[in-house]
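All letters in the sequence shown, in the order written, are residues 0 to 163 by numbering that gives the first Met the number 0.
The beta carbon of each residue, even a glycine, is placed where N, CA and C say it ideally should be.
Note that this is a predicted model, so its numbers are computed, not measured.
Working notes, beginning with the structure itself.
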Amino acid sequence: MPNPFDTSQPAETPDPGAAAGGKTRAKMTPEATLGTALLAYAGLNGLPGLLMLTFPRAWWVSIGGASAVDAGSAYTSTRFAGAMMVTLALAALLVVRRPERQSTLVTLLCVGATLVAAATFINAVADRPPTSLWFEWLVALGSIGLAGFMWWARIMGRKALKPG
């Protein structure tokens with residue numbers, strides 16, 4: 000049993016990159032980085048988009064906290080936005096499947112995420128939509144985080160987007 004009060008240095012110093020199990024952590028490949036961001040994009044656009052497409056009143060009134068009397072009917076006009084979000088989520092999944100030569104599409108997804116982040120932030124700060132305050136800021140901060148993650152993954156995954 001080792002002496003707990005022994006202050007001498009061990010003969011070998013452990014590898015700082017080694018995990019608790021003794022294995023070194025592998026660096027993410029450009030494909031994995033880009034794929035992770037695109038999966039996050041697909042999830043964060045696909046699920047709300049599907050809810051907006053199929054049950055817009057439930058999405059805005061039940062989850063978002065909008066008043067059923069004031070805004071419930073008006074939000075049913077957002078079905079088109081839900082359809083577009085689902086379409087973009089599917090496009091992101093197709094890029095995950097075959098990223099070669101998809102640089103333009105990934106850049107457009109990044110630009111779109113940035114514009115959505117700006118719009119939702121302005122909406123949370125300057126406007127007073129009928130949804131709950133926590134819902135506004137959740138959407139705004141989630142959009143900002145997703146846009147940043149998408150641009151970072153776009154830069155890190157450049158090699159995966161080039162022709163093979």
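DSSP, reduced to helix, strand and coil, places T23 within a strand of the structure shown.
Excluding five sequence positions before and after L38, the CB atoms of its chain that fall closer than 7 angstroms to its own CB belong to V95, given in chain order. Taking every protein chain shown into account, the CB of S142 has 16 or more other CB atoms within 10 angstroms, so this residue is buried. Take the alpha-carbon of I62 and the one of P55: they are about 10 angstroms apart. Between A80 and T130, the gap from beta carbon to beta carbon reaches 8 angstroms or more. The C-alpha of W59 lies about 20 angstroms from the C-alpha of A88. Unbroken alpha helix (DSSP H) runs of no fewer than 4 residues, entirely contained in the stretch 62-133, are found at 78-96, 102-124, following chain order.
Restricting attention to L114, P162, C109, the CA atom closest to the CA of W150 is found in C109.
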